[in-house]
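Just below is one structure, and these are the notes that go with it.
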Amino acid sequence: MNSILALALALTCLVSASAQSRDRATFTVGTATASRGQKAVGNIEVPAGSDGALSIPVAVFHGSKPGPVLALVAGAHGTEYASIISLENLIGVLNPTEISGTVIIVPLVNIPSFEQKVPHLNPIDRKNMNRFYPGKLDGTQTERASFFITRQVVEQCDHLIDLHGGDTDESLRPYSYWTKTGNEKQDRISREMVLAFGLDHIIISTDRPKDPQASRYLENTATTRGKPSITVEAGYAGTVETDDVSALVNGCLNVMRYLKMLPGSVTTIEHPVWIEKVVTLTSEQTGLFHPLVKRGSYVGQGMKVGYVTDYLGKPVFEARATAPGVVLYICAVPSMTKGATIANIGVVAP
Ligand SMILES: [Zn+2]
Numbered sequence: 023m024n025s026i027l028a029l030a031l032a033l034t035c036l037v038s039a040s041a042q043s044r045d046r047a048t049f050t051v052g053t054a055t056a057s058r059g060q061k062a063v064g065n066i067e068v069p070a071g072s073d074g075a076l077s078i079p080v081a082v083f084h085g086s087k088p089g090p091v092l093a094l095v096a097g098a099h100g101t102e103y104a105s106i107i108s109l110e111n112l113i114g115v116l117n118p119t120e121i122s123g124t125v126i127i128v129p130l131v132n133i134p135s136f137e138q139k140v141p142h143l144n145p146i147d148r149k150n151m152n153r154f155y156p157g158k159l160d161g162t163q164t165e166r167a168s169f170f171i172t173r174q175v176v177e178q179c180d181h182l183i184d185l186h187g188g189d190t191d192e193s194l195r196p197y198s199y200w201t202k203t204g205n206e207k208q209d210r211i212s213r214e215m216v217l218a219f220g221l222d223h224i225i226i227s228t229d230r231p232k233d234p235q236a237s238r239y240l241e242n243t244a245t246t247r248g249k250p251s252i253t254v255e256a257g258y259a260g261t262v263e264t265d266d267v268s269a270l271v272n273g274c275l276n277v278m279r280y281l282k283m284l285p286g287s288v289t290t291i292e293h294p295v296w297i298e299k300v301v302t303l304t305s306e307q308t309g310l311f312h313p314l315v316k317r318g319s320y321v322g323q324g325m326k327v328g329y330v331t332d333y334l335g336k337p338v339f340e341a342r343a344t345a346p347g348v349v350l351y352i353c354a355v356p357s358m359t360k361g362a363t364i365a366n367i368g369v370v371a372p
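Residues 23 to 372 in our numbering are what the sequence shown spells out, letter by letter.
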């Protein structure tokens, strides 16, 4: 090894150590800089490129005492309202003088989706804002936003929680994802995080990309960079139910207790339902969708979960469960097109 290489390696180690420094005097995300014991608000500025600029609001709580950096992000899908409202509530609840470590809160990534009430996509470039990580500086708005979130949020944190829920057309029961990477230490911590978060149905996710440069999903961008992280889902069909918001707010607070960022004992879910596989039922026809089961129902293999009629009421398609399991979500509206999702069924692990 030559000395320049050795120096470069040493510098790399220094940089990665400082990225997770527990004793920074100030902490900056975008235009928000907080000193110890302070909260700061600002924006992650995404400059204009082939399409318009975007300012993504961010709050930084730089705790009085050192500790881990936790990022909480919602609203990649801007009409999954319960998750967005939960982080707005958390911004009002957290007190930086009580925190050990730093909390980065990004409550609404996809502002165009929120403002125009467009589910699933960013209406500016018609891209899903949770599929283009780690992003591209010279890409469209979704890709540029993903690039800056990777740089400013993911790379600066030790742990990340990505909050979602059923979109306006999805009737969803709450659940979380635990990503199993094969790295024993990382998987133990993320498992303890997901149990501390407390949602009682947990999908064991093993099929996410392993390449940090092709991570696609936000949580996976943190996970493939060695940071134990989870994804959580609560809320459905445009609603902001107290139960869903409380579950998300309390889940974040409880993970903070588990990470020793807040005092107090951790309550973990003791016997969650572990889901080993998710089966998607899609429609083979366009028409009016009629559900026959509710979110959270358990269905047997072959059970009819809904049907599609043409626009004059003639049945054209029957959706039957191709595996037994729990209905994680089912289409919440009559609009149905060929190839669209009717329901996601979680197959319970043995
Ligand atoms: Zn979502």
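From the three backbone atoms N, C-alpha and C, an ideal C-beta is built for every residue, glycine too.
(message) Helix, strand or coil for Ile225? Go by DSSP, reduced to three states.
(response) In the sequence shown, the residue the question calls residue 225 occupies position 203. Residue state, collapsed to three classes: strand.
(message) Give me the DSSP bridge partner(s) of Thr331.
(response) Taking the first residue of the sequence shown as 1, we reach residue 331 at position 309. In the DSSP output, where bridge partners are listed per residue, Thr331 has Leu310, Pro337.
(message) Tell me which residues share the same chain as His312 and place their Cβ nearer than 8 Å to its Cβ, disregarding the 5 neighbours each side in the sequence.
(response) As a position in the sequence shown, residue 312 is number 290, starting the count at 1. Excluding positions up to five away in sequence, the list reads Gly328, Tyr329, Val330, Thr331, Pro356.
(message) So, at 7 Å on beta carbons, what are the nonlocal neighbours of Ser43 in its own chain, with the 5 sequence-adjacent residues on each side left out?
(response) Numbered from its first residue, the sequence shown carries residue 43 at position 21. Annotation note: pLDDT 49 at Ser43 (below 50); position unreliable, coordinate value reported separately. Excluding positions up to five away in sequence, the list is empty.
(request) Using three-state DSSP, classify Gln60 as helix, strand or coil. (result) Start at 1 with the first residue of the sequence shown, and residue 60 comes out as number 38. In this structure, Gln60 counts as strand in the three-state DSSP scheme.
(request) Answer yes or no: do Thr201 and Thr261 have a C-beta to C-beta separation smaller than 8 Å? (result) On the sequence shown, residue 201 is found 179 positions in, with the first residue counted as 1. On the sequence shown, residue 261 is found 239 positions in, with the first residue counted as 1. Cβ distance not < 8 Å, so Thr201 and Thr261 don't count as in contact.
(message) To the nearest angstrom, how far is the alpha carbon of Pro196 from that of Pro134?
(response) The residue labelled residue 196 in the question sits at position 174 within the sequence shown. The residue labelled residue 134 in the question sits at position 112 within the sequence shown. The alpha-carbon atoms of Pro196 and Pro134 are separated by roughly 25 Å.
(message) Taking 7 Å as the cut-off, is the C-beta of Ala354 nearer than that to any heavy atom in ligand 1?
(response) Taking the sequence shown and counting its residues from 1, the one referred to as residue 354 is at position 332. Because no heavy atom of ligand 1 lies under 7 Å away, the Cβ of Ala354 does not count as near it: no.
(message) What residue range does the alpha helix (DSSP H) around Ala167 cover?
(response) Here residue 167 is taken as the residue at index 145 of the sequence shown, counted from 1. Its alpha helix (DSSP H) spans residues 163-171.
(request) Identify, in the order they occur along the chain, each residue of the same chain with its Cβ nearer than 7 Å to the Cβ of Leu109, setting aside the five sequence neighbours on each side. (result) Along the sequence shown, read from residue 1 onward, the residue named residue 109 stands at position 87. Taken in chain order, the residues that qualify are Leu94, Ala96, Ile127, Pro129, Leu185.
(request) Taking only heavy atoms of ligand 1 into account, decide whether any of them is closer than 7 Å to the Cβ of Ala256. (result) In the sequence shown, counting from the first residue as 1, residue 256 sits at position 234. No, Cβ of Ala256 sits at least 7 Å from all heavy atoms of ligand 1.
(request) Run the proximity test for Ala345: is its beta-carbon closer than 7 Å to any non-hydrogen atom belonging to ligand 1? (result) For the purposes of this step, residue 345 is identified with residue 323 of the sequence shown, where counting begins at 1. Checking the Cβ of Ala345 against ligand 1 gives no.
(message) So, with DSSP's three-state summary, where would you put Arg213?
(response) Here the question's residue 213 lines up with position 191 in the sequence shown. Helix.
(message) Between which residues of its own chain and Ser227 is the CB-CB distance below 6 Å, once the five residues before and five after are set aside?
(response) Translated into the one-based positions of the sequence shown, residue 227 becomes position 205. Here the set comprises Tyr199, Thr201.
(message) Alpha carbons only, please: which of Ser287, Arg230, Thr290 is nearest the one belonging to Lys299?
(response) Start at 1 with the first residue of the sequence shown, and residue 299 comes out as number 277. Looking at the Cα atoms, Arg230 is the closest of the given residues.
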